[in-house]
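Residue numbers (our numbering): 11 to 149.
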């Protein structure tokens, strides 16, 4: 199955020149088997039959029961003010989606998954949070 098979994805706001265009992201979502939404989903009215379990997610992941994703560009003027972190719907940054594609797995959100070579800021962030991350794996 495709990486996003069964996922409902809404691309929130605009995406600037430093990332793929909205059209390119739409193509990626569809190519991965995801269903592209034209309007932001209502967290309170998601039908139970659309809550699916995915093949490309770890069984102990917080995403195991999540089937709706609102993807936004972090730091942009159109970043949503209200972000969901419910069992069935999550608001996640575009960097998360790109990392998932890179690893062909729906990764745990908000963990530094890929430190870009030459980025001292990201390397410092990864080192600073190393103990916190390790503790999450051994709890």
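Where is the CB? At the ideal position from N, CA and C, for every residue including glycine.
For residue i, which option in the options has the closest C-alpha, if you only look at C-alpha atoms?
{"i": "residue 55", "options": "105, 110, 99, 118", "result": "99"}
{"i": "residue 65", "options": "14, 53, 35", "result": "14"}
{"i": "residue 42", "options": "103, 111, 118, 81", "result": "111"}
{"i": "residue 23", "options": "16, 44, 17, 48", "result": "48"}
{"i": "residue 20", "options": "33, 26, 97", "result": "33"}
{"i": "residue 17", "options": "38, 44, 31, 39", "result": "44"}
{"i": "residue 59", "options": "30, 75, 96", "result": "75"}
{"i": "residue 116", "options": "85, 86, 70, 91", "result": "70"}
{"i": "residue 92", "options": "28, 38, 53", "result": "53"}
{"i": "residue 36", "options": "46, 51, 61", "result": "46"}
{"i": "residue 61", "options": "84, 109, 97, 86", "result": "97"}
{"i": "residue 51", "options": "94, 85, 108", "result": "94"}
{"i": "residue 84", "options": "12, 11, 26", "result": "26"}
Our contact map puts residue i next to residue j with C-beta atoms below 8 angstroms; I'd like the distance itself, whole angstroms only.
{"i": "residue 78", "j": "residue 104", "result": "So it is not a contact: roughly 16 angstroms between Cβ atoms."}
{"i": "residue 90", "j": "residue 80", "result": "7 angstroms"}
{"i": "residue 107", "j": "residue 119", "result": "Not confirmed; about 10 angstroms, so no contact."}
In terms of DSSP beta bridges, what is residue i paired with?
{"i": "residue 87", "result": "BP columns for residue 87 are empty, so no partner."}
{"i": "residue 67", "result": "116"}
{"i": "residue 99", "result": "78"}
{"i": "residue 45", "result": "18"}
What span of residues does the alpha helix (DSSP H) with residue i cover, start to end?
{"i": "residue 18", "result": "Run containing residue 18: none in the alpha helix (DSSP H); it sits in the beta strand (DSSP E), 18-21."}
In terms of residues, what are the limits of the beta strand (DSSP E) holding residue i?
{"i": "residue 80", "result": "78-82"}
{"i": "residue 35", "result": "Careful: residue 35 lies outside any beta strand (DSSP E), inside the alpha helix (DSSP H) at 32-41."}
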